[in-house]
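**Student:**
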């Protein structure tokens, strides 16, 4: 999204209300449904962006598209977004809400790549050490890539920690080329 800050500005109050009212799961499902609608009906953006369609008609269409009635907070959120003419943020709100939820739970996704399949004990050890270092709950996703020859590569958000044989060989080659 071009304006991620705008998505956060609108989504964060919805998240705060969801936490306060203990309806995080409900609103998360509603946002997932909204995201799915955008994927299934590409014309939805065009319809909601149209100045020829009233805000009430837009809300009515959204209500018909949902399988069941939505929560009051979600209703007010949609009404506010449409009233302010910011419907372009709607396809991105579910992702922002999930990020807020992860931060709230102090949860972080970590992708572990190794040359061979890691044992459960190894994965638990990695998870425990990362939790101690970051102070967060670690959600590990493991994958195997024989091309790295040995060692592991950790991707924590946008940060990459490369302790692979391939990574070390590449660094050595670059160092030799600079000399």
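Residue numbers (my numbering): 2 to 180.
Each residue gets a CB set at the ideal place from its N, CA and C atoms; glycine is no exception.
(1) Below 8 Å, how does it come out for the region 139–155 and the region 107–114: are there three or more Cβ pairs, yes or no?
(2) Tell me which residue opens and which closes the beta strand (DSSP E) that residue 164 is part of.
(3) Residues in its own chain within less than 6 Å of residue 18 by CB, not counting five upstream and five downstream?
(4) Should the region 29–49 be regarded as contacting the region 115–131, the criterion being three or more beta carbon pairs within less than 8 Å?
(5) Of all the beta strand (DSSP E) runs that stay within the bounds of the region 86–133, which reach a length of 3 or more residues?
(6) So for residue 153, helix, strand or coil by DSSP?
(7) Measure the C-alpha to C-alpha separation of residue 136 and residue 157 and round it to an integer number of angstroms.
(8) Inspect the beta-carbon positions of residue 171 and residue 153 and report whether they are closer than 8 Å.
(9) Looking only at its chain, what residues have a beta carbon closer than 7 Å to the beta carbon of residue 59, apart from the 5 residues adjacent to it on each side?
(10) Measure the alpha-carbon distance for residue 64 versus residue 162 and round it to whole angstroms.
(11) Based on the DSSP output, what are the partners of residue 55 in its beta bridges?
(12) Determine whether the beta carbon atoms of residue 6 and residue 102 lie at a separation below 8 Å.
**Tutor:** So, from the listed chains and residues:
(1) yes
(2) 160–165
(3) These residues qualify, in order along the chain: 74.
(4) no
(5) 108–115
(6) Looking at residue 153 - three-state DSSP - the assignment turns out to be strand.
(7) If you draw a straight line from the Cα of residue 136 to the Cα of residue 157, it comes to about 13 Å.
(8) Inclusion of residue 171 and residue 153 in the CB contact set at 8 Å is not warranted, their separation being larger than that value.
(9) 49, 83
(10) 45 Å
(11) According to DSSP, which records beta bridges pairwise, residue 55 is partnered with nothing at all.
(12) no
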